[in-house]
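A.B. asks: Before I ask anything, here is the structure I am working with.
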Amino acid sequence: VVPASVSAKCNACVTAPCKNGVRCETTSGRDYRCHCAAGFHGKDCENEIDACYGHPCLNNAVSK
């Protein structure tokens with residue numbers, strides 16, 4: 001069995017860097033890209049999008 005630290009040098013996705021169950025894609029070299037699901041963002045899809053950011057609601061409505 002090859003340790004994950006060694007495998008990661010060839011396939012960055014072997015260590016499962018992407019969060020929230022999204023797909024990881026190995027790109028050039030040791031880099032990777034996470035394909036974030038709707039509602040998430042960040043290099044590893046670790047941040048949840050806050051739909052209330054910036055107070056988008058009108059007429060004193062409150063977002064939840």
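Residue 17 in full-length UniProt numbering sits at position 17 of the sequence shown, with consecutive numbering throughout.
Where a beta carbon is used, it is the ideal one built from N, C-alpha and C, also for glycine.
What is the DSSP secondary structure of C13, counted as helix, strand or coil?
C.D. replies: Residue state, collapsed to three classes: helix.
A.B. asks: Ordered along the chain, which non-local residues of its own chain (more than five positions away) have a Cβ less than 7 angstroms from that of Y32?
C.D. replies: Answer for Y32: A12, C13, P17, C24, E25 and T26, listed in chain order.
A.B. asks: On the CB-based measure, 16 or more other CB atoms within 10 Å of its CB, does C52 come out buried or exposed?
C.D. replies: Result: exposed.
A.B. asks: Could you check what DSSP says for R30 in three-state terms: helix, strand or coil?
C.D. replies: Note: R30 maps to coil in three-state DSSP.
A.B. asks: What did DSSP end up calling H55 once you bin it into helix, strand or coil?
C.D. replies: In this structure, H55 counts as coil in the three-state DSSP scheme.
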